[in-house]
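Notes for the one structure printed next.
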Amino acid sequence: MMALRLGEYVVYGELYNTRNYATHGVMVLRGETADEETVVRLDLTGNCGPDLQGKAFRFWPEEADASDAVFNLDEHAAFQSGQIGPTGTMTAQGWARTMPCRVEEYMRRAKLGEPPPTEWKRRLYLEWYGQNGRVVVELAGAVVEECTRIPEEAEDEGDWQPQPNVAPLPDAAGGQPAGGPGITMVRCDEDGVEIEDWSPSDSHGAAEDGIESIPDALQRALDREAAALDRTIRGAGEGDDEDDIHEHELMDHCIDHDEQCPATSLLDNVDKLPRPETLNDEQVEGQLEALLAQMAVIGMALDVCEHFTPRDCYRLLLDTILPEPNVYERLIGTGWVQHVMTHEYCPKCDAEVEP
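Rendered as structure tokens:
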């Protein structure tokens, strides 16, 4: 599945998975200036990987100027700055293979028989499935700190300490990784898309299986070129203020006048999903994550209380929440999010609030 990759734009991020099955926080994406940075709010359903689960952590690139890429909202017109949906793979344990120069320079020097040395750096990998589909933040050379004391007020930063990367280094000697990366060049223009695969000669054998490389910068360049071409064709980027005003007016009108429809009328084959009693725990969680990903696309998010298990959530969605009218169909694709909460259906939560 194609992913929206944001790693090269990240300036700073802070996430909290201190409550079970809930991951929330913010990320800051680079703009032309500090005033033009994009703040992304995350309100995800699910946990991080074992190394980050139950923790608050923050991260940023170890080299502040490692990327000059700018996140331009004009090139990502459908991007929602308030992201919902299920968590995917989220871990700060691992290594990424990096190059000391741009891909084009690496290829030029490699063809001359003098490829620049590559090295392994710490890899932070954050994945979720939101309104924009699969989203990935992958940072090679990330600084990751764990919170040891949660901030208590606005001026309090809390206490933080570095989180060690305990994943084994792929090259035990710590030197030049064997071989060289395979590279796919993708060029997009008015005549179409041209794809060129390239691999350096490898006298030392292939790189270790299962080791991830740095995110494909060329794929992201393709995304930017395609977006620019699309803007040229459609004249996008004009009248953005008018679009925002229209969106808010639409929200108000729907709330005042439209009727909500059940999510089952908008999602694919919900009536054919397997019943929770026929699935083991792992299968239930997989079905729940897939269902939450579909819900995110139509602007629905599930907030989970401490008493509900994934099996409870899956059953509640199938039997109660999704058949109920919860969705304004005309608001799909806007910034509107409809939160549904398990605590409204939880006897234990009710008992806790009773006098």
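Going by the working numbering, the sequence shown opens with residue 14, and the numbers climb by one from there. Each residue gets a CB set at the ideal place from its N, CA and C atoms; glycine is no exception.
Might you give, ordered along the chain, the residues of its own chain that have their beta carbon closer than 8 Å to the beta carbon of residue i, omitting 5 neighbours on each side?
| i | result |
| --- | --- |
| T31 | G67, K68, A69 and I163 |
| Q106 | G62, D64, N178, V179 and A180 |
| E170 | P164 |
| G174 | According to the sequence displayed, residue 174 carries Gln and not Gly. So the list reads E158, E159 and T161, once near-sequence residues are dropped. |
| I268 | Y341 |
Hey, how far is the Cα of residue i from the Cα of residue j?
| i | j | result |
| --- | --- | --- |
| D281 | Y358 | 25 Å |
| H217 | R110 | Confidence at H217 is low in this model, with a pLDDT of 37, below 50, so its placement is unreliable and the value that follows should be read with caution. Between H217 and R110, the C-alpha separation is close to 16 Å. |
| G223 | P183 | Any answer about G223 is weak, because its pLDDT of 37 lies below 50 and its placement is not dependable; what the coordinates show is given next. Cα to Cα, G223 sits roughly 10 Å from P183. |
| E127 | E118 | 11 Å |
| A155 | N178 | 10 Å |
| T55 | Y138 | For the record, residue 55 in the displayed sequence is Leu; it is not Thr. Those two C-alpha atoms are separated by around 15 Å. |
| A234 | G59 | Below a pLDDT of 50, predicted positions are generally treated as unreliable, and A234, at 46, falls in that range; the measurement from the model is reported next regardless. Near 31 Å, if we compare the C-alpha coordinates of G59 and A234. |
| E337 | C326 | 15 Å |
| M308 | T51 | 24 Å |
| C318 | N33 | 8 Å |
| E140 | R147 | 7 Å |
| W73 | D284 | 43 Å |
| T277 | L335 | 6 Å |
| E298 | T322 | 9 Å |
| D316 | E45 | 35 Å |
| E260 | V310 | 17 Å |
| L286 | Q300 | 8 Å |
| H266 | D172 | 46 Å |
| E49 | H270 | 36 Å |
| R18 | R71 | 19 Å |
| A16 | Y142 | 9 Å |
| N293 | A82 | 44 Å |
| E132 | E27 | 27 Å |
| A35 | E262 | 31 Å |
Is it buried or exposed for residue i, if we count other Cβ within 10 angstroms and need 16 for buried?
| i | result |
| --- | --- |
| L125 | exposed |
| A364 | exposed |
| R135 | buried |
| I97 | buried |
| E166 | exposed |
| R43 | buried |
| G312 | buried |
| H89 | buried |
| R115 | exposed |
| L242 | Because the pLDDT at L242 is just 45, under 50, the model does not fix this residue reliably, and the value given afterwards should be weighed accordingly. Classification for L242: exposed. |
| A47 | exposed |
| I246 | The predicted model places I246 with a pLDDT of 42, which falls under 50 and marks its position as unreliable; any figure quoted below should be read in that light. Exposed. |
| T291 | exposed |
| T333 | exposed |
CB-CB under 6 Å to residue i, same chain, minus the five flanking residues each way: which ones, in chain order?
| i | result |
| --- | --- |
| G20 | V150, E151, L152 and P228 |
| H320 | C359 and K361 |
| P113 | P129 |
| L86 | none |
| M354 | D316 |
Find out if the Cβ-Cβ distance for the pair residue i, residue j is shorter than 7 Å.
| i | j | result |
| --- | --- | --- |
| Q144 | E159 | no |
| N339 | Q296 | no |
| Y25 | G38 | no |
| F84 | Y22 | yes |
| H352 | A314 | yes |
| V53 | S94 | yes |
| R324 | P289 | yes |
Ignore the nearest five residues each way along the sequence and tell me which others in residue i's own chain have a CB closer than 7 Å to its CB.
| i | result |
| --- | --- |
| H356 | C318 and C362 |
| T102 | G62, Y138 and E140 |
| M264 | L344, T347 and W349 |
| E122 | Reading off the sequence shown, one finds Arg at residue 122, where the question assumed Glu. P128 and P129, listed in sequence order. |
| E76 | G154 |
Tell me, to the nearest whole angstrom, how far the beta carbon of residue i is from that of residue j; I am working on the premise that it is less than 8 Å.
| i | j | result |
| --- | --- | --- |
| P99 | E302 | 4 Å |
| L304 | L329 | Going by Cβ atoms, the distance from L304 to L329 rounds to 11 Å, so no, they are not a contact pair. |
| L279 | E342 | 7 Å |
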